[in-house]
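A.B. asks: Residue numbering for the sequence shown follows this note's numbering, beginning at 333 and increasing consecutively.
By construction, the Cβ of each residue, glycine as well, lies at the ideal position given by its N, Cα and C atoms.
Dropping a structure here in structure tokens format, bear with me for questions.
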Amino acid sequence: MIYKEGDFVRTYLLEIPDYGSGTKALLDNLKRIAILDSNVKAERLLDPKYLTAMRLQFRERSSKILEKELPHLDEESKNTLIAILLHEMLGLGKLDFLLADDNLEEIVVNNHKDPIWIYHKEFGWLITNIFMDSEEQIQNYANIIARRGGKQITVLSPLLDTRLVTGDRANATLFPISGKGNTITIRRFRRDPWTITDFVKNHTVGADVLALIWMCMQYELNIIISGGTASGKTSFLNICLPFIQPNQRVITIEDTRELLLPDFLHWVPMTTREPNAEGKGGVSMLDLLVNSLRQRPDRIIVGETRSQKDAEVMFEAMHTGHSVYTTFHANTAE
Ligand SMILES: Nc1ncnc2c1ncn2[C@@H]1O[C@H](COP(=O)(O)OP(=O)(O)OP(=O)(O)O)[C@@H](O)[C@H]1O
Ligand SMILES: [Mg+2]
């Protein structure tokens with residue numbers, strides 16, 4: 333991390349090994365060979381198991397080819413070259429390097445002219461020294477992300493909400509809906525989830541407040557968690573969920589899976605789906621809410637209430653005697 337005199341924000345410097353044009357030509361060649369003789373099925377790359385198998389296969393193949401072409405290459409350089417190759421062929425290129433850093437909460441691409449921004453756990457928003465090559469590349473990555481999540485992003489449906497294979501939440505928008513270019517926003521979820529004790533220790537919430545919430549949940553009151561964007565609503569909802577008694581049937585409804593309940597709970601997770609290109613097959617929050625009422629739930633958890641319609645059905649569900657927990661985007665409780 334560096335701070336340059338006169339800059340408004342600090343820079344997160346990522347050192348990606350620089351390789352000369354000779355190496356680049358070799359890498360391109362290697363890509364071609366590896367693709368040719370492994371006959372990758374593009375449509376199967378959506379399957380995480382297949383993807384892992386392909387990674388292994390590529391790693392072995394390219395390692396053999398490199399040993400033959402560059403017998404004097406040391407182990408470290410060889411591994412770096414293979415990593416670059418894998419990121420470019422099966423992953424999200426340079427984004428993968430950022431996705432590997434546990435200190436980052438958010439990774440955002442605004443267009444190909446501006447650097448990628450990140451939100452660091454400790455230092456907040458930082459710019460990076462990484463750029464996307466072109467608008468097409470951003471769209472291409474958005475497409476890969478969409479397809480792996482079983483969704484699509486096109487001129488006709490230029491907004492995407494989904495999850496990466498790793499579980500991180502991803503959003504993408506296309507120009508001209510996003511005026512400066514195509515965007516990608518990735519919320520890296522914590523590999524080790526927040527717990528109640530974490531929140532007490534870092535002074536997010538006191539034990540007395542938690543005790544009150546526990547009582548409210550025990551006696552089946554409804555709970556709405558509201559706050560600004562990225563203020564920690566979903567995390568807070570999540571840490572409260574273990575308060576639900578294990579003999580209660582829980583149904584969660586979300587656009588993208590973020591909520592994680594402990595194994596001992598009786599839980600049915602449900603997620604919405606975008607309609608396909610012909611406008612068919614869509615499953616909305618509203619559909620799921622209405623449907624969940626017929627699944628005899630004791631508790632309904634709606635990841636995020638966004639539209640007026642969602643809210644209406646949610647209140648309807650509360651009226652019918654179910655306890656509902658949800659998050660709202662709002663600045664105050666009023
Ligand atoms: N109490 C906390 N202390 C420190 N970091 C937190 C805390 N709660 C949440 N975070 C971190 O803040 C980020 C945003 O959290 P979260 O996704 O829960 O927010 P949100 O309000 O649901 O956001 P959105 O409005 O985008 O849905 C996450 O990276 C999370 O790990
Ligand atoms: Mg949220």
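Could you spell out the range, first to last residue, of the beta strand (DSSP E) harbouring T637?
C.D. replies: Run containing T637: 631–637, per the beta strand (DSSP E) assignment.
A.B. asks: Which residues does DSSP pair with I450 in a beta bridge?
C.D. replies: I439, L458
A.B. asks: For a test of your reading of the model: does the CB of A562 fall under 7 Å from any non-hydrogen atom of ligand 1? Yes or no.
C.D. replies: Checking the Cβ of A562 against ligand 1 gives yes.
A.B. asks: Given the structure, does R519 come close to ligand 1, in the sense that its CB is under 7 Å from one of the ligand's heavy atoms?
C.D. replies: yes
A.B. asks: My understanding is that T566 touches G635, with C-beta atoms under 8 Å, so please give their C-beta distance in whole angstroms.
C.D. replies: T566 to G635, Cβ: 7 Å. Contact.
A.B. asks: Mind listing, in chain order, the continuous alpha helix (DSSP H) runs of no fewer than 4 residues lying wholly within the segment 493–544?
C.D. replies: 528–533
A.B. asks: Please name the residue in D530, N514, G511, G499 whose C-alpha comes closest to that of R520.
C.D. replies: G499
A.B. asks: Considering only the beta carbon of each residue, do P525 and N570 sit closer than 8 Å?
C.D. replies: yes
A.B. asks: When you compare the segment 422–432 with the segment 398–413, are there three or more beta-carbon pairs, one atom per stretch, that lie closer than 8 Å?
C.D. replies: no
A.B. asks: Can you list, in chain order, the residues of its chain with a C-beta nearer than 6 Å to that of D428? Leave out the 5 residues immediately preceding and following it.
C.D. replies: H419
A.B. asks: Starting from the C-beta of L573, find all residues in its chain whose C-beta is less than 6 Å away, skip the five residues before and the five after it, and write them out in chain order.
C.D. replies: Correct list, in chain order: L593.
A.B. asks: Ligand 2 and K426: does the residue's C-beta get closer than 7 Å to at least one heavy atom of that ligand?
C.D. replies: no
A.B. asks: Could you check if T588 is buried or exposed, using at least 16 other CB atoms within 10 Å of its CB as the buried criterion?
C.D. replies: buried
A.B. asks: Can you check whether the CB of L621 is closer than 8 Å to the CB of Q662?
C.D. replies: Rather than Gln, the amino acid found at residue 662 in this sequence is Ala. In this structure, A662 sits away from L621, with a CB-CB distance that is not shorter than 8 Å.
A.B. asks: Per DSSP, what kind of secondary structure is I348 in: helix, strand or coil?
C.D. replies: coil
A.B. asks: Distance, Cα to Cα, I477 vs S655?
C.D. replies: 34 Å
A.B. asks: Okay, do the segment 356–363 and the segment 392–406 touch, 3+ Cβ pairs below 8 Å being the bar?
C.D. replies: yes
A.B. asks: Return the Cβ separation of R631 and Y657 in integer angstroms, given the expectation that the two are a contact with Cβ distance under 8 Å.
C.D. replies: With a Cβ gap of about 7 Å, R631 and Y657 count as contacting.
A.B. asks: Nearest-angstrom Cα distance between V600 and R479?
C.D. replies: 24 Å
A.B. asks: Is the beta carbon of W449 within less than 7 Å of some heavy atom of ligand 1?
C.D. replies: no
A.B. asks: Cβ of I528 within 8 Å of Cβ of T584?
C.D. replies: no
A.B. asks: Can you list, in chain order, the residues of its chain whose CB lies under 8 Å from that of T561, leaving out five sequence neighbours each side?
C.D. replies: H661
A.B. asks: Where do the ends of the beta strand (DSSP E) carrying R626 lie?
C.D. replies: Note, R626: premise wrong, no beta strand (DSSP E); not H, not E.
A.B. asks: Please classify K356 as buried or exposed, where buried requires at least 16 other C-beta atoms within 10 Å of its C-beta.
C.D. replies: Burial call: exposed.
A.B. asks: Taking just the CA atoms, how far does E454 sit from V487?
C.D. replies: 37 Å
A.B. asks: State the start and end residues of the unbroken beta strand (DSSP E) segment that holds I334.
C.D. replies: Counting along the chain, I334 falls outside any beta strand (DSSP E), and DSSP gives it neither H nor E.
A.B. asks: What residues in its chain sit with their C-beta under 7 Å from that of I556, if we drop five residues either side in the sequence?
C.D. replies: So the list reads T658, F660, once near-sequence residues are dropped.
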